[in-house]
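Please read the structure below before turning to the comments.
In my numbering, the protein residues as written are 1 to 365.
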């Protein structure tokens, strides 16, 4: 039985989340172009498997990645120069075309929605949760109340302000029993109620303590109560609106999704004006697009292609560990007669496994 394995995730310094959502902080190392310089861009929160192509003549300048600041920092008030240029980001999973983030079923559906929507806390560059829509939070001594202090001055792409009523509405929406969202369903079983004692405070009251709540919180991407009341609950499936660094422009199912920089973002806005996320399910077609310069960023590089791509000037790969695994379940049909009931047999199988050879042969090291 196969599930998602821990494997090498590949990306370059200009991952869409890295390359596109300029949000302050110290600059990270950048790829050295071999032809034309590439367009400056900055970083959002979570790396994804990807790679970038060498710059091509006439192409928009490509990216200087900058990590999102730790949550406690105050949004910069520096003058905003405005976004320029464009990026073509090639993705491979059809689920990634989901536009209503509360319809997501897993992480593969987030390349688009993670740029449109945001959570109270975001995933930082060092796998730590940092403030995003919330400036800070605390947990009560009994673990039953999580209090979030919201950032002021945040706008949705619709122009509506973000406040505690939106935060309360979002949690109540994503935890509805009819929703298919896995984390929303889990959160719904834990929550007793959500309170909004003032305009910029929201309190999650739990039925029992749950100290991994921040892992659930990352999936609670916030929507505008006012926008949905005006336009109907289904509107996010065709015209999504969030607070993220990019706003939705258009989508052709099975082909592409276009996003544009949200220049009123509460942190330093993106420096890349336009992002086109193209859907290309075939692994080797995505690699070919990277080689020819048709794609600036490619998500999902086959392990067999790593060595060859590392030798191409102008292409940079970044390695990350992904939370996926392969699982084999033995003797589930007749467990009562299974030799695996004997712990010595299980120990012998474990000792016989050449784990390094498996990693080298299956995951290319």
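Note that the Cβ used here is the ideal one computed from N, Cα and C, for glycine as well. Nothing here was measured: the structure is a model prediction, and the numbers come from that model.
In terms of residue numbering, what span does the beta strand (DSSP E) encompassing residue i cover?
| i | result |
| --- | --- |
| residue 274 | 272-279 |
| residue 250 | 246-252 |
| residue 134 | 134-139 |
| residue 454 | Because residue 454 is not part of the residues shown, which for the chain are 1 to 365, the question remains open. |
| residue 256 | 256-261 |
Nearest to residue i by alpha carbon, out of the options?
| i | options | result |
| --- | --- | --- |
| residue 253 | 279, 168 and 115 | 279 |
| residue 205 | 193, 199 and 298 | 193 |
| residue 372 | 131, 249, 210 and 351 | No answer is possible for residue 372: the residues shown for the chain start at 1 and end at 365. |
| residue 85 | 229, 273 and 228 | 273 |
| residue 345 | 359, 355 and 330 | 330 |
| residue 222 | 239, 244 and 305 | 244 |
| residue 148 | 297, 203 and 333 | 203 |
| residue 199 | 186, 162, 138 and 231 | 162 |
Residue i lies in the alpha helix (DSSP H); which residues open and close that run?
| i | result |
| --- | --- |
| residue 306 | 306-310 |
| residue 84 | Careful: residue 84 lies outside any alpha helix (DSSP H), inside the beta strand (DSSP E) at 84-91. |
| residue 216 | 213-217 |
| residue 169 | 164-174 |
| residue 105 | Careful: residue 105 lies outside any alpha helix (DSSP H) and carries neither H nor E. |
| residue 182 | 182-190 |
How about residue i and residue j: do their beta carbons lie closer than 9 Å?
| i | j | result |
| --- | --- | --- |
| residue 91 | residue 300 | yes |
| residue 171 | residue 98 | no |
| residue 368 | residue 89 | Here the chain has residues from 1 to 365 only, and residue 368 is not among them. |
| residue 100 | residue 236 | yes |
| residue 189 | residue 207 | yes |
| residue 167 | residue 144 | no |
| residue 164 | residue 197 | yes |
| residue 102 | residue 242 | no |
| residue 228 | residue 169 | yes |
| residue 284 | residue 313 | no |
| residue 247 | residue 116 | yes |
| residue 315 | residue 290 | yes |
Do you know offhand how far residue i's Cα is from residue j's?
| i | j | result |
| --- | --- | --- |
| residue 27 | residue 269 | Its pLDDT being 35, under 50, residue 27 is placed unreliably in this model, and the coordinates cannot settle the point. |
| residue 256 | residue 174 | 26 Å |
| residue 201 | residue 87 | 37 Å |
| residue 215 | residue 180 | 18 Å |
| residue 364 | residue 112 | 29 Å |
| residue 287 | residue 276 | 17 Å |
| residue 336 | residue 251 | 53 Å |
| residue 352 | residue 127 | 34 Å |
| residue 348 | residue 362 | 22 Å |
| residue 136 | residue 259 | 29 Å |
| residue 264 | residue 104 | 26 Å |
| residue 249 | residue 177 | 30 Å |
| residue 151 | residue 93 | 33 Å |
| residue 310 | residue 333 | 45 Å |
Is residue i close to chain B, meaning its C-beta is less than 9 Å from at least one C-beta of that chain?
| i | result |
| --- | --- |
| residue 153 | Although the question refers to chain B, the structure presented lacks it and comprises just one protein chain. |
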